[in-house]
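Report on one structure; see the data block that follows.
2 protein chains.
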Amino acid sequence: MIAQRPNKRATISDVAKLAGVSISTVSRVVNETAPVADETVQQVRHAIETLDYTPHAAARTLAGRRTGTIGLLLPEISGAFYAPMLRGIEAGALEAGFDLLIHASSAVLQERGNGSLPLAEHNVDGLLVFTDRLTDSEISRLYRRGFPLVLLHRTPPAGLDIPCVTFENKAGTRRLIEHLIIAHGCRRIGFLAGPDGNEDSYWRELGYREALAAHGIPLDPSLRSVGAFDEEQAEAAVAAWLRQGIELDAVFGGDDEGATGAIQALQRAGRRVPQDVAVAGFDDVPFARLMTPPLTTVRAPIEMAGQQAASQLITLIQGGESDSSTLLPTELVIRRSCGCA
Amino acid sequence: MIAQRPNKRATISDVAKLAGVSISTVSRVVNETAPVADETVQQVRHAIETLDYTPHAAARTLAGRRTGTIGLLLPEISGAFYAPMLRGIEAGALEAGFDLLIHASSAVLQERGNGSLPLAEHNVDGLLVFTDRLTDSEISRLYRRGFPLVLLHRTPPAGLDIPCVTFENKAGTRRLIEHLIIAHGCRRIGFLAGPDGNEDSYWRELGYREALAAHGIPLDPSLRSVGAFDEEQAEAAVAAWLRQGIELDAVFGGDDEGATGAIQALQRAGRRVPQDVAVAGFDDVPFARLMTPPLTTVRAPIEMAGQQAASQLITLIQGGESDSSTLLPTELVIRRSCGCA
DNA sequence: GGGCTTTCTGAAAGCGCTTTCAGTATAGCA
DNA sequence: TGCTATACTGAAAGCGCTTTCAGAAAGCCC
Numbered sequence: 001m002i003a004q005r006p007n008k009r010a011t012i013s014d015v016a017k018l019a020g021v022s023i024s025t026v027s028r029v030v031n032e033t034a035p036v037a038d039e040t041v042q043q044v045r046h047a048i049e050t051l052d053y054t055p056h057a058a059a060r061t062l063a064g065r066r067t068g069t070i071g072l073l074l075p076e077i078s079g080a081f082y083a084p085m086l087r088g089i090e091a092g093a094l095e096a097g098f099d100l101l102i103h104a105s106s107a108v109l110q111e112r113g114n115g116s117l118p119l120a121e122h123n124v125d126g127l128l129v130f131t132d133r134l135t136d137s138e139i140s141r142l143y144r145r146g147f148p149l150v151l152l153h154r155t156p157p158a159g160l161d162i163p164c165v166t167f168e169n170k171a172g173t174r175r176l177i178e179h180l181i182i183a184h185g186c187r188r189i190g191f192l193a194g195p196d197g198n199e200d201s202y203w204r205e206l207g208y209r210e211a212l213a214a215h216g217i218p219l220d221p222s223l224r225s226v227g228a229f230d231e232e233q234a235e236a237a238v239a240a241w242l243r244q245g246i247e248l249d250a251v252f253g254g255d256d257e258g259a260t261g262a263i264q265a266l267q268r269a270g271r272r273v274p275q276d277v278a279v280a281g282f283d284d285v286p287f288a289r290l291m292t293p294p295l296t297t298v299r300a301p302i303e304m305a306g307q308q309a310a311s312q313l314i315t316l317i318q319g320g321e322s323d324s325s326t327l328l329p330t331e332l333v334i335r336r337s338c339g340c341a
Numbered sequence: 342m343i344a345q346r347p348n349k350r351a352t353i354s355d356v357a358k359l360a361g362v363s364i365s366t367v368s369r370v371v372n373e374t375a376p377v378a379d380e381t382v383q384q385v386r387h388a389i390e391t392l393d394y395t396p397h398a399a400a401r402t403l404a405g406r407r408t409g410t411i412g413l414l415l416p417e418i419s420g421a422f423y424a425p426m427l428r429g430i431e432a433g434a435l436e437a438g439f440d441l442l443i444h445a446s447s448a449v450l451q452e453r454g455n456g457s458l459p460l461a462e463h464n465v466d467g468l469l470v471f472t473d474r475l476t477d478s479e480i481s482r483l484y485r486r487g488f489p490l491v492l493l494h495r496t497p498p499a500g501l502d503i504p505c506v507t508f509e510n511k512a513g514t515r516r517l518i519e520h521l522i523i524a525h526g527c528r529r530i531g532f533l534a535g536p537d538g539n540e541d542s543y544w545r546e547l548g549y550r551e552a553l554a555a556h557g558i559p560l561d562p563s564l565r566s567v568g569a570f571d572e573e574q575a576e577a578a579v580a581a582w583l584r585q586g587i588e589l590d591a592v593f594g595g596d597d598e599g600a601t602g603a604i605q606a607l608q609r610a611g612r613r614v615p616q617d618v619a620v621a622g623f624d625d626v627p628f629a630r631l632m633t634p635p636l637t638t639v640r641a642p643i644e645m646a647g648q649q650a651a652s653q654l655i656t657l658i659q660g661g662e663s664d665s666s667t668l669l670p671t672e673l674v675i676r677r678s679c680g681c682a
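Dropping the structure here:
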């Protein structure tokens, strides 16, 4: 059994005492905020070394009113989507010398008695928000306080001028669906929506409708279901279509996870992909090209979105100005799941 | 363009003033640490409301010397492994009313000039360490200070009594390899190791060797390569084997990602899995059962490991005792990639 | 040599909170 | 009635740091 034996940490005054200087001087050599005589620097460094001193972050924050850290709020880490996003965000943060703190939690956000967000406005200088969980009112509360905020893949509540970074969902989906229609003659294309209220999904659906409309294909409501950007739910949704005998010549999975689920359901029901039913996704996660068949999808610059969001946030924190909205282009990636050779 | 207009936040004294009480009283109603008259509570609550007051975390930490938060240090979030792990950790933390802060970064850890870890010992009460990046010396520094620490999937540096949570890697791998040998008659089984220095991989390799030895199969060094628990690297490693004309009747991928890469390489080279070459992984990530062919693997209780680690850490933080080492059982999961129908 | 920067240093005032400590007022009890 | 618990409240002392502010020492100019 292991127990914890608390152990006093050295403070700045311990260091000052040992080095025979004042705490101001120690602070100066630690932060390099003012010239200090070489000899003094040596002494202080030595004292720091021997005491194994590290500044206490909370004290620093309190006195200096900044943390050097940005926070990321996200629903739940899973799925291939997050790796590139985090890479991008981290790159953006690092570039400016900021740390990244992630708060991944679905449940927590609401149920805190005191109603305060975990890392919001506390341990971080600014917040990257990528979750539908944070309500509009929470967001506007933070906004009204002047807390630096950047939204990832969602637009701000009406009237609030909060920067946001999103993909060109509509046009990307439209191009994809049109490919299905034109190149493969699909007419009955199933649409799997994302989670309720998801904005990306909203725009993708608009793109889907536009594509149909542009080619004179009537919208069939029975061809819409919810896949929730989740493999299992998507699989279930497609299985339900199949059970109901709904005819399909293609399925748009909503995203790549949804497409994966769709393929599972189709194959399980004995339909061949793409010979019997074409399938396409959105995002182009790393796995997409490795699937059997390789997935036709829309490439979204996930990593770049993260990067941009982070650097916009940091600009904001540092008192600069930021574009109110960034729309990143997407690109059609044709592989085999749509029927192309 | 959006600029940030900083905005004074209300402090505890603002609230006290508005409510006509002292700050001690405000603190008491916020924290419920002592009885306060009903009427006073009302006034304070009202003042908090109108001022939209939230306590300043850093100040709180500084004064109260605890953060109510545990930190998780990990190399880079990607791969299917993390979702269940994080779910588990979060569950463990939530249960005890702690927040979870994640610091995901490969690069950062070393290169910080001041040598201090980001969230270590600062914004958190304790640390869950899941990365090979944190050197032994860093770990023992933290340990010597009495900073609560729990290691995930790695054992502590020699002599340090730090709790750790690991899987039963050796026995699990041995069972898996023996299945390949006994049920499928495999004799030439490729072994893809994890990243350099990875402990899980070390034990798995021992299990692999034991299995071979137990069945009188000589160890062939050319059958060992590094897949680094990474799909691409594993694919490259297997491709190299194939190019060199090395004979194989099975490949153990090191983990499920490695197995995925192995399958890619094999299929790309025209070998059928499992007819020509059997493939197996380790972890049983969600995706494993959905692959073609479904992956034979060893199920590791990833989520439970996270849970346990978190609650052990919290026990430690709260001054309790903790087991020094937890070894979680693994289970063989037979699907089709090994050749079983 | 006097006045002027320039370089370096320490004292001290907070940052916003928690937590004794020392009450005052009221209730309970003999 | 007097004495002691009990409920409630405020003053004040930090927590460990950053940051003026002011001063001492040293170098520069005329």
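Taken in sequence, the protein lines are chains A and B.
With the numbering used here, the residue at position 212 of the first sequence is 212, and numbering never jumps.
Take any residue in the second sequence, count from 1 to its spot, add 341: that is its number in the numbering used here.
Backbone N, C-alpha and C fix where the C-beta goes; we use that ideal spot for every residue, glycine too.
Note down, in chain order, every chain A residue with its Cβ under 9 angstroms from the Cβ of L560 of chain B.
Numbered from 1 along the second sequence, position 219 holds the residue referred to as residue 560 of chain B. Under the 9 angstroms cutoff, chain A gives no residues; its nearest Cβ is about 31 angstroms from L560 of chain B.
Indicate the three-state DSSP secondary structure (helix, strand or coil) for N455 of chain B in the structure shown.
As a working mapping, residue 455 of chain B is identified with position 114 in the second sequence. Because the pLDDT of N455 of chain B is 42, which lies under 50, any placement of that residue in the model is unreliable, and the number read from its coordinates should be weighed accordingly. Correct three-state label for N455 of chain B: coil.
Is E178 of chain A helix, strand or coil when you go by DSSP?
Position 178 of the first sequence holds residue 178 of chain A. Helix.
What runs of the beta strand (DSSP E), each 3 residues or longer, lie entirely inside the region 246-310 of chain A?
250-252, 278-280, 297-299
So with Cβ pairs under 8 angstroms, would you call T633 of chain B a contact of chain A?
Along the second sequence, read from residue 1 onward, the residue named residue 633 of chain B stands at position 292. Closer than 8 angstroms to some Cβ of chain A, the Cβ of T633 of chain B qualifies, so yes.
How far does the beta strand (DSSP E) with H444 of chain B in it extend, from its first residue to its last?
Along the second sequence, one-based indexing puts residue 444 of chain B at 103. Here the beta strand (DSSP E) through H444 of chain B covers 440-445.
Please confirm if L86 of chain A has its CB atom under 8 angstroms from at least one CB of chain B.
Here the question's residue 86 of chain A lines up with position 86 in the first sequence. Yes, L86 of chain A lies at the interface with chain B (some Cβ there is under 8 angstroms from its Cβ).
Roughly how many angstroms separate the alpha carbons of I604 of chain B and F488 of chain B, rounded to a whole number?
Position 263 of the second sequence, counted from the start, is the residue given in the question as residue 604 of chain B. Position 147 of the second sequence, counted from the start, is the residue given in the question as residue 488 of chain B. When rounded, the distance between both Cα atoms is 44 angstroms.
Excluding the five sequence neighbours on either side, which residues of its own chain have a C-beta within less than 6 angstroms of the C-beta of I675 of chain B, listed in chain order?
The sequence position of residue 675 of chain B within the second sequence is 334, counting from 1. Result list for I675 of chain B: T637, C681, in chain order.
In terms of residues, what are the limits of the beta strand (DSSP E) holding E672 of chain B?
Here residue 672 of chain B corresponds to residue number 331 of the second sequence, with the count starting at 1. Per DSSP, E672 of chain B belongs to the beta strand (DSSP E) from 672-674.
Is there contact between the region 152-170 of chain A and the region 304-321 of chain A, where contact requires at least three CB pairs shorter than 8 angstroms?
yes
Report all residues from its chain with a CB closer than 6 angstroms to the CB of A19 of chain A; omit the five preceding and five following residues, and keep chain order.
Locating residue 19 of chain A in the first sequence gives position 19, counting from the first residue. Taken in chain order, the residues that qualify are Q43, V44, A47.
Between the alpha carbons of T173 of chain A and V470 of chain B, how many angstroms are there, rounded?
One-based indexing of the first sequence puts residue 173 of chain A at position 173. One-based indexing of the second sequence puts residue 470 of chain B at position 129. The straight-line gap from Cα to Cα measures roughly 41 angstroms.
Using three-state DSSP, classify V150 of chain A as helix, strand or coil.
Position 150 of the first sequence, counted from the start, is the residue given in the question as residue 150 of chain A. Residue state, collapsed to three classes: strand.
Just the chain A side, please: which residues come within less than 9 angstroms of T374 of chain B by C-beta, in chain order?
The residue labelled residue 374 of chain B in the question sits at position 33 within the second sequence. None at all; the shortest Cβ gap to chain A is about 14 angstroms.
Would a C-beta distance cut-off of 8 angstroms place I177 of chain A and A211 of chain A closer than the cut-off?
Within the first sequence, the letter at position 177 stands for residue 177 of chain A. Within the first sequence, the letter at position 211 stands for residue 211 of chain A. For I177 of chain A and A211 of chain A, yes; Cβs fall inside 8 angstroms.
Going along chain B in order, which residues have a C-beta closer than 7 angstroms to the C-beta of T61 of chain A?
Working through the first sequence from its first residue, we reach residue 61 of chain A at position 61. Near T61 of chain A (Cβ distances below 7 angstroms), the residues of chain B are A399.
Tell me the DSSP secondary structure of V238 of chain A in three-state form.
Within the first sequence, residue 238 of chain A is the residue found at index 238, counting from 1. V238 of chain A falls in the helix class under three-state DSSP.
Buried or exposed, going by whether 16 or more other CB atoms sit within 10 Å of the CB of S13 of chain A?
As a position in the first sequence, residue 13 of chain A is number 13, starting the count at 1. Its Cβ having fewer than 16 others within 10 Å, S13 of chain A is exposed.
Between E546 of chain B and the rest of its own chain, which residues show a CB-CB distance below 7 angstroms, the 5 nearest in sequence each way excluded?
Counted from its first residue, the second sequence places residue 546 of chain B at position 205. The answer, listed in chain order, is F532, A534.
Around the Cβ of K511 of chain B, are there at least 16 other Cβ atoms within 10 angstroms (buried) or fewer (exposed)?
Along the second sequence, one-based indexing puts residue 511 of chain B at 170. So K511 of chain B counts as buried.
Near L160 of chain A, which residues of its chain fall below 6 angstroms by C-beta distance, leaving aside the five closest residues on each side in sequence?
Looking up residue 160 of chain A in the first sequence gives position 160. Closer than 6 angstroms at the Cβ level, and outside the excluded window around L160 of chain A, lie S140, Y143.
Just the chain B side, please: which residues come within less than 7 angstroms of N123 of chain A by C-beta, in chain order?
Locating residue 123 of chain A in the first sequence gives position 123, counting from the first residue. Within 7 angstroms Cβ-Cβ: A398, N464.
Look at the alpha carbon of V639 of chain B and the alpha carbon of V614 of chain B, and state the distance between them as a whole number of angstroms.
The residue you call residue 639 of chain B lines up with position 298 of the second sequence. The residue you call residue 614 of chain B lines up with position 273 of the second sequence. Straight-line Cα distance between these residues: approximately 18 angstroms.
Between which two residues does the beta strand (DSSP E) harbouring S666 of chain B extend?
Taking the second sequence and counting its residues from 1, one reaches residue 666 of chain B at position 325. 666-669 is the extent of the beta strand (DSSP E) around S666 of chain B.
Following the continuous beta strand (DSSP E) through I189 of chain A, name the residue where it begins and the one where it ends.
Numbered from 1 along the first sequence, position 189 holds the residue referred to as residue 189 of chain A. 189-193 is the span of the beta strand (DSSP E), which, as asked, contains I189 of chain A.
Whose C-beta lies closer than 7 angstroms to the C-beta of S322 of chain A among residues of the same chain, with five residues either side of it excluded?
As a position in the first sequence, residue 322 of chain A is number 322, starting the count at 1. Closer than 7 angstroms at Cβ, skipping near neighbours: P163, Q312, T315, L316.
Could you tell me which chain A residues have their CB closer than 7 angstroms to the CB of R350 of chain B, listed as they occur along the chain?
On the second sequence, residue 350 of chain B is found 9 positions in, with the first residue counted as 1. Going along chain A in sequence order, the residues near R350 of chain B (Cβ under 7 angstroms) are R145.
Give the straight-line distance between the Cα atoms of A577 of chain B and A280 of chain A, rounded to the nearest whole angstrom.
Taking the second sequence and counting its residues from 1, one reaches residue 577 of chain B at position 236. Taking the first sequence and counting its residues from 1, one reaches residue 280 of chain A at position 280. If you take the alpha carbons of A577 of chain B and A280 of chain A, they lie about 28 angstroms apart.
Identify which residue in B:P634, B:D625, B:M632 has its Cα closest to the Cα of E672 of chain B.
What you label residue 672 of chain B is simply residue 331 of the second sequence in a count that begins at 1. Checked all of B:P634, B:D625, B:M632; the closest Cα to E672 of chain B is B:D625.
Check whether the Cβ atoms of A93 of chain A and L100 of chain A lie closer than 8 angstroms to each other.
Here the question's residue 93 of chain A lines up with position 93 in the first sequence. Here the question's residue 100 of chain A lines up with position 100 in the first sequence. Going by C-beta atoms, A93 of chain A is nearer than 8 angstroms to L100 of chain A.
If distances are taken between C-alpha atoms only, which option among B:I530, B:A569, B:T352, B:T410 comes closest to D537 of chain B?
The residue given as residue 537 of chain B occupies position 196 in the second sequence. The candidate whose alpha carbon is nearest that of D537 of chain B is B:A569.
Whole angstroms are fine: how far does the CA of G429 of chain B sit from the CA of T766 of chain B?
For chain B, the structure presents residues 342 to 682; residue 766 of chain B sits outside this window and is missing.
Relative to the C-alpha of S320 of chain B, which candidate in B:D617, B:P642, B:A404, B:E572 has its C-alpha closest?
With chain B running from 342 to 682 in the structure shown, residue 320 of chain B is simply not present.
8 angstroms is my cut-off, CB to CB: does L101 of chain A come that close to chain B?
Along the first sequence, read from residue 1 onward, the residue named residue 101 of chain A stands at position 101. Closer than 8 angstroms to some Cβ of chain B, the Cβ of L101 of chain A qualifies, so yes.
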